[in-house]
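Colleague:
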């Protein structure tokens, strides 16, 4: 029994775009990966198909950048990033996406409630899920989970 077409990978940019453009699939994916109930899904800028400037065109000349932002029931957000080609600083870029999203959320809070120290208590968590074809770590584990915790007690920040 063939589970999927042998020539099509779900991490192919165009295939991933199709998969994550479906809110039900994206919500279920977040539930399965993080055990968090997704409320709604918004596809961010960058989900468009682009053509590389070369002639004649071939399938390799088309690419997308897939960034999905899901908002959960409690205001928590999840970024889903697809990276099909090895990129030396991908982990740094993912970290920058997380920090940028937290900062954007804080700016919205400040616009709504004023620029006070009380704004910080309204910051909701932001998670990231990265689906990659390359191994960015020295082991062969299929899943890695990172969080900001106190080193001794393991208490979540």
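Numbering (our numbering), first residue to last: 1464 to 1620. All C-beta atoms in this analysis are idealised placements derived from N, C-alpha and C, irrespective of residue type, glycine included. Please read all numbers here as calculations on a predicted model, not as lab measurements.
(1) In whole angstroms, what separates the C-alpha of residue 1555 from that of residue 1479?
(2) Quick one: using the 10 Å Cβ neighbour count with 16 as the cut-off for buried, is residue 1483 buried or exposed?
(3) Provide the residue(s) that pair with residue 1546 in DSSP beta bridges, ordered along the chain.
(4) Put residue 1530 into one of helix, strand or coil per three-state DSSP.
(5) With distances taken from CA atoms, which of 1466, 1467, 1589 and 1544 is nearest residue 1610?
(6) Since residue 1593 contacts residue 1546 with CB under 8 Å, what's their CB separation in whole angstroms?
(7) Would you list the one or two residues that DSSP bridges to residue 1551?
(8) Where DSSP assigns a beta bridge to residue 1564, which residues make up the other side?
(9) Please say whether residue 1591 and residue 1544 have beta carbons closer to each other than 8 Å?
(10) Rounded to whole angstroms, what's the CA-CA distance from residue 1471 to residue 1596? Just pull it up for me.
(11) The alpha helix (DSSP H) spanning residue 1495 covers which residue range?
(12) Would residue 1567 pass as a contact of residue 1542 if the rule is Cβ separation under 8 Å?
Modeller: In this structure, then:
(1) As a position in the chain shown, residue 1555 is number 92, starting the count at 1. As a position in the chain shown, residue 1479 is number 16, starting the count at 1. Answer to the nearest angstrom: the Cα atoms are 22 Å apart.
(2) Position 20 of the chain shown, counting from 1, holds the residue named residue 1483. It counts as buried.
(3) For the purposes of this step, residue 1546 is taken as residue 83 along the chain shown, with counting starting at 1. Bridge partners of residue 1546: 1595.
(4) For the purposes of this step, residue 1530 is taken as residue 67 along the chain shown, with counting starting at 1. Here residue 1530 sits in strand by DSSP.
(5) Taking the first residue of the chain shown as position 1, residue 1610 is located at position 147. Each of 1466, 1467, 1589 and 1544 was checked against the Cα of residue 1610, and the nearest Cα belongs to 1589.
(6) In the chain shown, residue 1593 corresponds to position 130, counting from 1. In the chain shown, residue 1546 corresponds to position 83, counting from 1. Between residue 1546 and residue 1593 the Cβ distance is about 6 Å, and since that is below 8 Å, they are a contact.
(7) Within the chain shown, numbered from 1, the residue matching residue 1551 stands at position 88. The partner list for residue 1551 (beta bridge, DSSP) is empty, contrary to what the question assumes.
(8) Looking up residue 1564 in the chain shown gives position 101. Partner(s): none; residue 1564 has no beta bridge.
(9) Taking the first residue of the chain shown as position 1, residue 1544 is located at position 81. Taking the first residue of the chain shown as position 1, residue 1591 is located at position 128. Residue 1591 sits close to residue 1544, with the two beta carbons spaced by under 8 Å.
(10) The residue given as residue 1471 occupies position 8 in the chain shown. The residue given as residue 1596 occupies position 133 in the chain shown. Rounded to whole angstroms, residue 1471 and residue 1596 show a C-alpha spacing of 13 Å.
(11) Counting from one through the chain shown, the residue named residue 1495 turns up at place 32. 1486-1497 is the span of the alpha helix (DSSP H), which, as asked, contains residue 1495.
(12) On the chain shown, residue 1567 is found 104 positions in, with the first residue counted as 1. On the chain shown, residue 1542 is found 79 positions in, with the first residue counted as 1. Using a Cβ distance threshold of 8 Å, residue 1567 and residue 1542 do not count as a contacting pair.
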